[in-house]
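Novice: Quick one: this structure, given as structure tokens, is what I'll be asking you about.
In the UniProt record's numbering, the protein residues as written are 1 to 162.
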């Protein structure tokens with residue numbers, strides 16, 4: 001069985017984006033994202049793909065959409081099952097958003113790699129509401145605002161219990 005992991009950056013009020021954009025620029029988070037996803041299949045929705053603007057290198061880019069699209073360098077799929085099948089024999093697939101894609105895959109998620117941005121922001125796209133008691137925090141690293149990072153933030157890893 002494939003391990004399904006989420007990589008998400010969110011504010012304390014669970015906002016992950018507004019107008020198809022992230023609401024912060026945290027270079028260390030981008031580096032962390034790359035380290036987590038490099039060499040693995042990544043699954044994202046069309047809007048997330050459009051916000052990135054191109055396939056991410058050194059990763060299989062799987063785009064889940066209801067639209068009939070051809071995106072060079074990407075595998076376009078139309079269901080959760082098709083996305084997982086397209087990932088082939090990979091042991092771990094990384095779901096990278098956005099909001100609807102997280103909701104679709106959440107029942108099967110094993111691991112959450114969360115960048116928690118220590119602020120509250122307005123935005124129409126939010127992460128899944130979930131019961132934190134069903135998850136165990138296995139790692140937690142705190143980082144502080146500096147010249148390159150506008151907010152304090154934490155890297156948190158959570159594993160589904162049971």
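Just so you know, even glycine gets a beta-carbon here, dropped at the ideal spot from N, CA and C.
Helix or strand or just coil, what does DSSP make of residue 11?
Specialist: Three-state DSSP puts residue 11 in a strand.
Novice: Can you grab the Cα-Cα spacing for the pair residue 96 / residue 136, in whole Å?
Specialist: Each residue's alpha carbon lies about 20 Å from the other.
Novice: Return the chain-ordered list of same chain residues with a C-beta closer than 6 Å to the C-beta of residue 106, the five sequence neighbours on each side being excluded.
Specialist: Hits under 6 Å: 128.
Novice: Please give the ranges of any beta strand (DSSP E) in the segment 33-93, keeping only runs that are unbroken, at least 3 residues long and fully inside the region.
Specialist: You should have 41-45, 60-64 and 74-77.
Novice: From residue 124 to residue 112, what does the alpha carbon distance come to, in whole angstroms?
Specialist: Residue 124 and residue 112: Cα-Cα distance of roughly 21 Å.
Novice: Could you check where the beta strand (DSSP E) with residue 159 kicks off and where it finishes?
Specialist: That run of the beta strand (DSSP E) goes 153-160.
Novice: Please report the Cβ distance between residue 166 and residue 152, rounded to the nearest whole angstrom; I am assuming they are in contact, meaning their Cβ atoms lie under 8 Å.
Specialist: Limits of the chain in this structure are 1 at one end and 162 at the other, which puts residue 166 out of reach.
Novice: Tell me the DSSP bridge mates of residue 21?
Specialist: Answer by DSSP bridge pairing, in chain order: 18.
Novice: From residue 164 to residue 51, what does the alpha carbon distance come to, in whole angstroms?
Specialist: Lying outside 1 to 162, the shown extent of the chain, residue 164 is not represented and no answer is given.
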